[in-house]
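First comes the structure, then the notes that go with it.
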Amino acid sequence: MTFLLRFGAVCGLLSGLFIALPGAVEAFTGETAVTSFVLGVSPALAVPLLTALHIGQMHAAGALGSIGYAVNLIGLGLFGGAAYALNLVLYYLGETVADDLAAPTRAALLGSALVFTAGTVLFTIAMVRARVYPRIPVWIYGIALPVFAIAARLPDTPLTSALHVVVGATLAWLATAIWRRARAAYGTPRTG
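If you want it as structure tokens, here you go:
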């Protein structure tokens, strides 16, 4: 159990950094191949974070926590795949291809964002009720991540860059909270 919590915390910290840092850079440079690559990889690192969040509050969150986790996990898988495609596939095909996506593709991208949003809201309600994690990042998680998902296809602006920074910082904050809980419950990790 301690490994999953610590692994989730480390991955969550990296996921947060992989969202916040490119967002900050893109505020000044616009989207680049490097920032797009890092953003495309970040959702894969969020999966262990979500699992660690669930494990850390499983007993306090009850059935709603498990349902919220399940829907959020499926939504993260779908939205993560969409983010990967947008940042690592469509980026290299150019704006004309990205602008001319067929209706089913647009519907699939929107559907992934909606499932992710529903799961995020359910999981946030469970986190608020469980009172295991700090309230501020929990509430920001429940507000900023749905906006982040729905705004994924908006053009890059200073506002979307700021949203990236807020989401990344929130994930890093939650990851830090998991690390502290794991250390308090299981002690410091052994080395060597």
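For the record, in the sequence shown the residue sitting at position 18 is 16 according to my numbering, with numbers rising by one throughout.
Positions of the beta carbon are idealized from the N, C-alpha and C atoms, including for glycine.
Computed from a prediction, not measured in an experiment: that's the story for all the values here.
Sequence-distant residues of its chain with Cβ nearer than 8 Å to residue i (five each side left out)
i      : result
Ser159 : Gly21, Ala22, Glu24, Ala25
Asn70  : Leu48, Phe114, Gly117, Thr118, Leu120, Phe121
Phe5   : Pro46, Ala50
Thr174 : Ala7, Leu11
Gly75  : Val45
Residue i (DSSP reduced to helix, strand or coil)
i      : result
Arg127 : helix
Met56  : helix
Leu172 : helix
Pro102 : helix
Pro41  : helix
Glu24  : helix
Pro135 : helix
Ala185 : It is worth fixing the name first, because residue 185 is Gly in this sequence and not Ala. Gly185 falls in the coil class under three-state DSSP.
Leu71  : helix
Thr0   : helix
Leu84  : helix
Leu47  : helix
Leu108 : helix
Thr155 : coil
Thr115 : helix
For residue j and residue i, the rounded distance between their alpha carbons
i      : j       : result
Leu172 : Gly10   : 8 Å
Val36  : Ala58   : 34 Å
Asn85  : Ile176  : 29 Å
Leu43  : Arg104  : 25 Å
Phe77  : Leu107  : 8 Å
Ala18  : Pro102  : 30 Å
Gly185 : Thr27   : 43 Å
Asp154 : Val136  : 26 Å
Ala182 : Leu3    : 12 Å
Ala149 : Met(-1) : 35 Å
Tyr131 : Phe16   : 22 Å
Cβ-based burial, residue i [other Cβ within 10 Å; buried from 16]
i      : result
Ile134 : exposed
Tyr67  : buried
Thr33  : buried
Thr30  : exposed
Val164 : buried
Cut-off 6 Å between Cβ atoms - residues of its own chain near residue i, not counting five sequence neighbours on either side
i      : result
Ala128 : Gln55, Ala58, Ala59
Ala80  : Leu107, Ser110
Any C-beta of chain C under 8 Å from that of residue i
i     : result
Ala83 : Looking at the structure shown, chain C is missing, and only one protein chain is on hand.
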